[in-house]
Amino acid sequence: MDLGAIAAFVSAAEGGNFTAAATALGISASGVSKAVSRLENELHVRLFNRSTRSLSLTADGVVLYQRCKQILIDLNDAKLAMSHAQDVPKGRLYVSIPAAFGRSHMIPAISAFMRHYPLIEVDASVTDRFVDMVEEGFDAVVRIGDLPDTRMIARSLGVTRFVVAASPHYFQRQPRPEKPEDLRDHNCVSFISPQTKRITEWVFFSNDKKIVHTPAGTLSLDDGEAMVDAAINHSGIIYCQDYMIENAVKDGKLQRVLKDFITPEKPVVVMYPQNRHLSLKVRVFVDFMVNHFS
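full-length UniProt numbering applies: residue 1 is where the sequence shown begins, and numbers increase by one.
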């Protein structure tokens, strides 16, 4: 099929008449009409129900429109890719990253990214709030956990798992728990969800058995980093995501326990709008982060 006739047909279908299609394509209305007629003759089908004022697609026209629209999108994407092939990534990139993971892992990764792409400026919002990318103008966001139903494209950066830990000084005063049931005898620092205002349960798995512990102790907090600080200062045992205590464990400030028990894991993803004409700066940012965390 002639590509010009396909473009004329798609424009007429979207514009609702030959005049609108002619304006979009920069040709005459009669030229659009003739192109569509040639396409109908070639395919031996009627694509439009014609009236004096408007056009409506026939059943065959609907099928052809869906296919041809995608063909034109793919062709435009190929053209765009070729035009970007010689481009240098540059411009200001607006991203949103979660607080604790952002400070411990994303900021170093972003710094490495900016050294690799010196013409890109990054404006990062560090927040655990689930932002509206379109409304708030973000190019990409990094998030942890189950994602709501969204039309965003998500690429995996990995997973994070819950762990149990306390300070060496705490374990000098209390025996180390050998199983989740032993936590009943310990001062557990509780995390209160800022969204639900409920204490988060501690979940473990062993031999296909699920074990749920409701923490009880003298301290409850609604901030993960504050909870880690409390554990470092000997306030009790905490249950948190592994990346939050990685450095504290390396430095000997915290010690993990109950390592033989499986705990829930959460996905870590970088998301961006479902836009086929993804800008080069966003594309290289996403690819860099995926490679970095792999």
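Glycine included, every Cβ here is placed at the ideal spot set by N, Cα and C.
- Contact between M114 and Y272 is ruled out by a C-beta separation of about 18 Å, above the 8 Å threshold.
- The beta-carbon distance between L55 and G16, rounded to whole angstroms, is 6 Å. This is short enough to meet the 8 Å contact definition.
- The beta carbon of I232 sits closer than 7 Å to those of S167, A248, K253 and L254, all from its chain and outside the five residues before and after it, given in chain order.
- Taking the Cα positions, V159 is about 14 Å away from H292.
- In the pairwise beta carbon analysis, the segment 42-54 is classified as touching the segment 1-21: at least three pairs are separated by under 8 Å.
- Secondary structure note for A124: it is in no alpha helix (DSSP H), and the uninterrupted beta strand (DSSP E) holding it is I120 to V126.
- In the three-state reduction of the DSSP assignment, F48 falls in the strand class.
- Between the segment 208-228 and the segment 186-194 there are three or more inter-stretch CB-CB distances shorter than 8 Å, so the stretches are counted as touching.
- In the structure shown, G91 falls within a strand segment according to DSSP collapsed to helix, strand and coil.
- In the same chain as T58, and ignoring 5 residues on each side of it, the C-beta atoms closer than 8 Å to its own belong to V45, R46, L47, F48 and N49, in chain order.
- The DSSP-derived three-state label of K179 is coil.
- Closest in alpha carbon position to F171, among S235, D60 and L221, is S235.
- In the DSSP assignment, T19 falls within the alpha helix (DSSP H) that extends over F18 to L25.
- Annotation for D87: L280 place their beta carbon closer than 8 Å to its own, counting only its chain and skipping 5 residues before and after.
- When the Cα atoms are used, R155 and K266 turn out to be separated by approximately 14 Å.
- The DSSP assignment places 242-250 as complete runs of the alpha helix (DSSP H) inside the segment 234-265, in order along the chain (cut-off: 4 residues).
- V212 is classed as exposed because its beta carbon has fewer than 16 other beta carbons within 10 Å across all chains shown.
- Take H116, set aside five residues on each side of it, and the residues of its chain with a beta-carbon closer than 8 Å to its own are F288, in chain order.
- By the C-beta density criterion, R143 is buried, having at least 16 other C-beta atoms within 10 angstroms.
- A residue is called buried when at least 16 other Cβ atoms come within 10 angstroms of its Cβ; V164 meets this threshold and is buried.
- Per DSSP, the unbroken beta strand (DSSP E) holding F162 starts and ends at I153 to A166.
- By the Cβ-count criterion, I73 is exposed, with fewer than 16 other Cβ atoms from all chains shown falling within 10 Å of its own Cβ.
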